[in-house]
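At position 92 of the sequence shown the residue is numbered 91 (numbering that gives the first Met the number 0), and the sequence of numbers has no breaks.
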Amino acid sequence: MGLSRRGWERAGLVLLLAGTAVTYLWNITVNGMGNQFYAAAAQAGSTNWEALLFGSLDTGNFITVDKPPLSQWVMGLSGQIFGFSSASMLIP
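Here you go:
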């Protein structure tokens, strides 16, 4: 009987998303930590909840980053869950 038009669209979408994920994640750690400035804020946030909340570069909350800390929250939580590595900083 075969797939209907809707089935082909879903299969194509799944294939497209899988190909995109493989292309994005292929050798992602070759860049190291990406941007060292924001990786330092994520590392501080993965060890101290206040540094995570305020987007600080150090655990003493003295120096903060120049952007809203939402992206550092995601990277800091990833560092707390998976450990601080280049993959846990770049994949989220």
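For every residue, glycine included, the Cβ atom is placed at its ideal position computed from N, Cα and C.
Only a predicted model underlies this, so the values are computations on that prediction, with no experimental measurement involved.
Boundaries (first-last residue) of the alpha helix (DSSP H) holding residue i
i          : result
residue 80 : 69–81
residue 53 : 48–53
residue 7  : 4–24
residue 84 : Segment: none, residue 84 is in no alpha helix (DSSP H) and carries neither H nor E.
Residue i CB to nearest heavy atom of the ligand HEM below 6 Å
i          : result
residue 14 : Because no ligand of any kind appears in the structure shown, any question about the ligand HEM cannot be addressed here.
Span separating the alpha-carbon of residue i from that of residue j
i          : j          : result
residue 29 : residue 78 : 18 Å
residue 15 : residue 23 : 12 Å
residue 91 : residue 6  : 30 Å
residue 38 : residue 32 : 6 Å
residue 58 : residue 81 : 19 Å
residue 17 : residue 8  : 14 Å
Cβ-Cβ distance between residue i and residue j below 7 Å
i          : j          : result
residue 50 : residue 60 : yes
residue 27 : residue 76 : no
residue 71 : residue 20 : no
CB-CB length for residue i against residue j, believed under 8 Å
i          : j          : result
residue 55 : residue 46 : Contact doesn't hold; Cβ gap of about 11 Å is too wide.
residue 53 : residue 68 : 6 Å
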